[in-house]
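K.L.:
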Amino acid sequence: MGLLTGTALWPVAIFTVIFILLVDLMYRRQRWNSRYPPGPVPWPLLGNLPQVDLDNMPYSLYKLQNRYGDVFSLQMAWKRMVVINGLKAVREVLVTCGEDTADRPALPIFEYLSLKPRSQGVVLAPYGPEWQEQRRFCVSTLRNFGLGKKSLEQWVTKEAGHLCDAFTAQAGRSINPNTMLRKAVCNVIASLIFARRFEYEDPYLIRLLKALEESLIEFSGFVPEVVNAFPILLRIPGLPDKILKGQKNFMAIVDNLLTENRTTWDSAQPPRNLTDAFLAEIEKAKGNPESSFNDENLCMVVIDLFTGGMVTTSTTLSWALLLMILHPDVQRRVQQEIDEVIGQVRCPEMADQARMPYTNAVIHEVQRFGDIAPLNLPHITSRDIEVQDFLIPKGTMLIPNLSSVLKDETVWEKPLHFHPEHFLDAQGHFVKHEAFMPFSAGRRACLGEPLARMELFLFFTCLLQRFSFLVPAGQPRPSDYGIFAIPVAPSPYQLCAVMREQGH
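Counting in numbering that gives the first Met the number 0, the sequence shown runs from 0 upward without gaps.
1. Helix, strand or coil for Arg79 per DSSP?
2. Going by alpha carbons, who is nearest to Arg296 out of Arg234, Gly286, Val310, Glu280?
3. According to DSSP, simplified to helix, strand and coil, what is Val386?
4. For the alpha helix (DSSP H) that contains Ile242, what are its first and last residues?
5. With a 10 Å radius around its C-beta and 16 neighbouring C-beta atoms as the bar for buried, classify Leu86 as buried or exposed.
6. Can you have a look at Met0 and say buried or exposed, based on whether 16 or more other CB atoms are within 10 angstroms of its CB?
7. Quick one: what's got a C-beta closer than 8 angstroms to Ser317's C-beta in the same chain, skipping five residues either side?
8. Looking at Thr306 and Leu215, is the spacing between their C-beta atoms short of 9 angstroms?
9. Apart from the five residues just before and just after Pro471, which ones in its own chain have a Cβ nearer than 6 angstroms to its Cβ?
10. Quick check on DSSP: helix, strand or coil for His378?
11. Is it the case that the Cβ atoms of Leu405 and Ile379 are separated by a distance below 9 angstroms?
12. Expressed to the nearest angstrom, what Euclidean distance is found between the alpha-carbon atoms of Ile384 and Leu93?
13. Return yes when the Cβ of Glu420 is within less than 9 angstroms of the Cβ of Ala360, no when it is not.
14. Does the Cβ-Cβ distance between Ser290 and Glu132 come in under 9 angstroms?
15. Would you mind stating whether Ser59 and Val51 have Cβ atoms separated by less than 9 angstroms?
16. With a floor of 4 residues, list each alpha helix (DSSP H) that falls wholly inside the stretch 231-297, ordered by position along the chain.
17. Three or more C-beta pairs under 8 angstroms: does that hold for the stretch 319-336 against the stretch 477-488?
18. In terms of DSSP beta bridges, what is Ile482 paired with?
19. Excluding five sequence neighbours on each side, which residues of the same chain lie with their C-beta closer than 6 angstroms to the C-beta of Leu264?
20. With burial defined as no fewer than 16 other Cβ atoms inside 10 Å of the residue's Cβ, what is the status of Leu3: buried or exposed?
21. Using CA coordinates, which residue listed in Val410, His418, Gln335 is at the minimum distance from Met436?
22. Suppose you measure from the CA of Val497 to the CA of Gly171; what does that come to, to the nearest Å?
23. What do you get for Ile192, buried or exposed, if any count of 16 or more other CB atoms within 10 angstroms of its CB means buried?
24. How about Ala444 and Leu401: are their beta carbons less than 9 angstroms apart?
25. Which of the three DSSP states, helix, strand or coil, is assigned to Gly46?
26. Please go through the same chain and pick out, in chain order, the residues whose beta-carbon is closer than 6 angstroms to the beta-carbon of Glu448, but skip the five residues on each side of it.
27. Compute the beta-carbon to beta-carbon distance between Phe522 and Ala189, rounded to the nearest angstrom, for a pair I have assumed lies under 8 angstroms.
28. Return helix, strand or coil for Asp201, following the three-state DSSP convention.
29. Report the three-state DSSP secondary structure of Cys346 (helix, strand or coil).
30. In terms of DSSP beta bridges, what is Cys495 paired with?
31. The beta strand (DSSP E) spanning Leu405 covers which residue range?
32. What residues in its chain sit with their C-beta under 8 angstroms from that of Gly237, if we drop five residues either side in the sequence?
33. Please go through the same chain and pick out, in chain order, the residues whose beta-carbon is closer than 7 angstroms to the beta-carbon of Phe429, but skip the five residues on each side of it.
34. With distance defined between alpha-carbon atoms, name the residue in Leu376, Pro392, Phe368 nearest to Arg442.
35. Could you give the DSSP three-state label for Ile302: helix, strand or coil?
36. Given a threshold of 16 other Cβ atoms within 10 Å of its Cβ, counted over all protein chains shown, does Glu500 qualify as buried or as exposed?
Pasting the structure below:
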C-alpha cells in the first residue's frame, strides 16, 4: 500500500515542478525584453528574496545599484519590482510620470488589517476618487485647524515647554531621550485629532506608544515581506493574530479614543478637532454609497496620521540630539544664533526661522543624514511608462530609493557625513537643494510636511535654547549608524542635558 501511495504521488510531484518552472519562465520572459531594467537572476519560486538582506535593504540596494545602474529590477517571489535610484530617475518616476505611478500595490498584510475593502486611509489607499477625497479632507482640515497659522504654532510651542520641563527634571543625568520626544510629538498629533494632550506619565499614553512601537516592528524585516509574497499564509489559523498583535492592540486603543470623542461630539457645534470634522462628513455622506467617509475609514486615517506624524518627527529629533552631542562645534554655533536672534527669554517662533540660516541648515542636514525613510512606500504603474530609456510595464511595483537621492555622491559634497554646509552658500545663506526629498515628491508626497517642519524647528530651537547636550561622563562616544526599521532610528544612546547659564 505504501509503495502504491508513493507511486501515485509521483505524477503530482512532477506536475507541481513543471507548473512552478512554467510560471517562473513566464516571469523571466519579461527580463528577456531588451528594454526591461536589468537585475540579478531570480531563483525559481523565491525570486530574488534570498539575494537581498531584508534587515538592511538600503545597503543591499546600494550594492545592486553599483552593479546594475540607477534603474534595476528585482523579483520578490512572484512579484516583479523595479527599484528607482538617483535624483533624475526618482523625479522622473514620481513627478514627470506622477499620474501613472501614484497608485499603490495591493499589500495583503495591510488589506487584512483594513476593516472594509475601501477603508485603507490615505497613505496606503489605491490612487483614485476615494484616495483623492480623503487626501483633500486631511489637507484642508489640517489647514483649518491651524497648519500654517498661529493656533497650531501655539500648541507646538506649549508642548515644547512641557518637553523642556521633562528634560529639566532629568538635567545632569544620563538618559535616553527617545521616550520624552515621542510623548511630546504624540501630544501634538493628539491635539489635532482629539483636541487633547496627555501628561507624560499617563498610563494610557504609555500604552498607546508601546502598541505603536510594536506595530512598527511587525512591519519591518523578513516576516512581512514573506507574508506579502505568499498571502496564503494569512489563512493559517492563529498566525495573523500572532504576527500582527501589536497592530491590533494599537487599532483597539485608537478605536477607544474615537469612541470617547464621539460621545462628546455635538454636530450643532463647530468641530473641535479632525475627528469631529470627519464625523460631520460621515453625517453628510449618509445614503451615498460612493462616499469614502465611514467609521472604518476614520479609524484608518487616524492611524495614518499618528503613525506618519508622530514616529517620523520624534525619530528625526532623536537624530538631531545625537548629532549635537557628536558635533559640539555645530551645537555651539546653533546656540550662538539662537542667542543672537531670539535670546534666552522669549520662546522661539516660526518667524525666527528666516533669520536663522545656520539652524535651518542644521535641521535640514539632520533630515538628510538621518535618512529615516530610505525606501519610500511602494508605488505601482497604472500603465506602461518609460524611465531612463527603460520600458516598465503596467502593474510593476516601483520602489523609489530616497536614500540614493539624499546620499547621492554627485549632488552632496560629503554624502556620508554630517555636514550642515550642504545647505549654505559661500555667504552663509540657506540654500535648499532639489535633491532634498525626505518627504518624497509628487502626488504621494507627505501631507504632513508643513507640520513636521514646524515641529522640528520649534522643538529643536526650544531645547537648544535651554540646554547643552553632552555625551555622559565616562561613557563611550555613541555611534551615528542607524538601525534599519520603520523608521530608521539611531542606535540606542544616552545623553546628558545641562541647563545653560544666562548670558551664555
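Idealized CB from N, CA, C, for every residue including glycine. Keep in mind that this is a model prediction, so the values were computed, not measured.
P.N.:
For this structure:
1. Mapped onto the sequence shown, residue 79 falls at position 80. DSSP, read as helix, strand or coil, puts Arg79 in strand.
2. Working through the sequence shown from its first residue, we reach residue 296 at position 297. Strictly speaking, residue 296 in this sequence is Asn, with Arg absent from that position. For Asn296, the closest alpha carbon among the candidates Arg234, Gly286, Val310, Glu280 is that of Glu280.
3. As a first step, residue 386 must be located in the sequence shown, where it is residue number 387. Note: Val386 maps to strand in three-state DSSP.
4. Residue numbering aside, residue 242 sits at position 243 when the sequence shown is read from its first letter. DSSP places Ile242 in the uninterrupted alpha helix (DSSP H) bounded by 238-242.
5. Translated into the one-based positions of the sequence shown, residue 86 becomes position 87. Per the 10 Å Cβ criterion, buried.
6. Along the sequence shown, one-based indexing puts residue 0 at 1. Its pLDDT being 43, under 50, Met0 is placed unreliably in this model, and the value from its coordinates should be taken loosely. Around the beta-carbon of Met0, fewer than 16 other beta-carbon atoms lie within 10 Å, marking it exposed.
7. Within the sequence shown, the letter at position 318 stands for residue 317. The answer, listed in chain order, is Pro176, Asn177, Leu180, Ala488, Pro489.
8. For this step, residue 215 is matched to residue 216 along the sequence shown. For this step, residue 306 is matched to residue 307 along the sequence shown. Yes, Cβ-Cβ distance for Leu215 and Thr306 is below 9 angstroms.
9. Within the sequence shown, numbered from 1, the residue matching residue 471 stands at position 472. Here the set comprises Ser173, Gln493, Cys495.
10. Numbered from its first residue, the sequence shown carries residue 378 at position 379. Three-state DSSP puts His378 in a strand.
11. As a first step, residue 405 must be located in the sequence shown, where it is residue number 406. As a first step, residue 379 must be located in the sequence shown, where it is residue number 380. Judged by their CB atoms, Leu405 and Ile379 are not nearer to each other than the 9 angstroms cut-off.
12. In the sequence shown, counting from the first residue as 1, residue 384 sits at position 385. In the sequence shown, counting from the first residue as 1, residue 93 sits at position 94. Taking the straight line joining both Cα atoms gives about 12 angstroms.
13. For the purposes of this step, residue 360 is taken as the residue at position 361 of the sequence shown. For the purposes of this step, residue 420 is taken as the residue at position 421 of the sequence shown. In contact: Ala360 and Glu420 (Cβ atoms closer than 9 angstroms).
14. If you number the sequence shown from 1, residue 290 lands on position 291. If you number the sequence shown from 1, residue 132 lands on position 133. Against a cut-off of 9 angstroms, the Cβ pair of Glu132 and Ser290 comes out as a contact.
15. Translated into positions along the sequence shown, residue 59 becomes position 60. Translated into positions along the sequence shown, residue 51 becomes position 52. Cβ atoms of Ser59 and Val51: closer than 9 angstroms.
16. Contiguous alpha helix (DSSP H) elements confined to the stretch 231-297 occur at 238-242, 244-263, 273-284, taking only those with 4 or more residues.
17. Touching, yes, given that three or more Cβ pairs across the two stretches are closer than 8 angstroms.
18. Start at 1 with the first residue of the sequence shown, and residue 482 comes out as number 483. Note: Ile482 sits in a beta bridge opposite Ala488.
19. Taking the first residue of the sequence shown as position 1, residue 264 is located at position 265. Sequence inspection shows Trp at residue 264; the Leu mentioned does not correspond to that position. Within the same chain, Asp275, Leu278 come within 6 angstroms of Trp264 by CB-CB distance, once the 5 residues on both sides are set aside.
20. Position 4 of the sequence shown, counted from the first residue, corresponds to residue 3. Because the pLDDT of Leu3 is 44, which lies under 50, any placement of that residue in the model is unreliable, and the number read from its coordinates should be weighed accordingly. In the assembly as shown, Leu3 is an exposed residue. Its beta-carbon has fewer than 16 other beta-carbons within 10 Å.
21. Against the sequence shown, residue 436 aligns to sequence position 437. For Met436, the nearest C-alpha among the options comes from Val410.
22. If you number the sequence shown from 1, residue 497 lands on position 498. If you number the sequence shown from 1, residue 171 lands on position 172. Cα to Cα, Val497 sits roughly 6 angstroms from Gly171.
23. Position 193 of the sequence shown, counted from the first residue, corresponds to residue 192. In the assembly as shown, Ile192 is a buried residue. Its beta-carbon has 16 or more other beta-carbons within 10 Å.
24. Here residue 444 is taken as the residue at index 445 of the sequence shown, counted from 1. Here residue 401 is taken as the residue at index 402 of the sequence shown, counted from 1. No, the Cβ-Cβ distance between Ala444 and Leu401 is not below 9 angstroms.
25. Within the sequence shown, numbered from 1, the residue matching residue 46 stands at position 47. DSSP places Gly46 in the strand class (E or B) of the three-state scheme.
26. Within the sequence shown, numbered from 1, the residue matching residue 448 stands at position 449. Counting only Cβ-Cβ distances below 6 angstroms, and skipping sequence neighbours, we find Phe438.
27. This structure cannot settle anything about residue 522, because the visible part of the chain is limited to 0 through 503.
28. The residue given as residue 201 occupies position 202 in the sequence shown. Three-state result, Asp201: coil.
29. Position 347 of the sequence shown holds residue 346. Here Cys346 carries a coil assignment [DSSP, helix/strand/coil].
30. Taking the first residue of the sequence shown as position 1, residue 495 is located at position 496. DSSP output for Cys495 lists Ser173, Leu469 as bridge partner(s).
31. As a first step, residue 405 must be located in the sequence shown, where it is residue number 406. Element bounds for Leu405: not the beta strand (DSSP E) but the alpha helix (DSSP H), 401-405.
32. One-based indexing of the sequence shown puts residue 237 at position 238. Excluding residues within five positions, none has a Cβ falling inside 8 angstroms.
33. By 1-based counting over the sequence shown, the position of residue 429 is 430. Listed in chain order, the non-local C-beta contacts of Phe429 below 7 angstroms within the same chain comprise Pro356, Asn359, Ala360, Phe422, Leu423, local neighbours out to five positions each way being set aside.
34. Taking the sequence shown and counting its residues from 1, one reaches residue 442 at position 443. If we check each option's Cα against that of Arg442, Leu376 comes out closest.
35. Counting from 1 along the sequence shown, the entry for residue 302 is found at position 303. Helix at Ile302.
36. Residue mapping note: residue 500 aligns to position 501 of the sequence shown, counting from 1. Taking all protein chains in view, the Cβ of Glu500 is surrounded by fewer than 16 other Cβ atoms within 10 Å, so the residue is classified as exposed.
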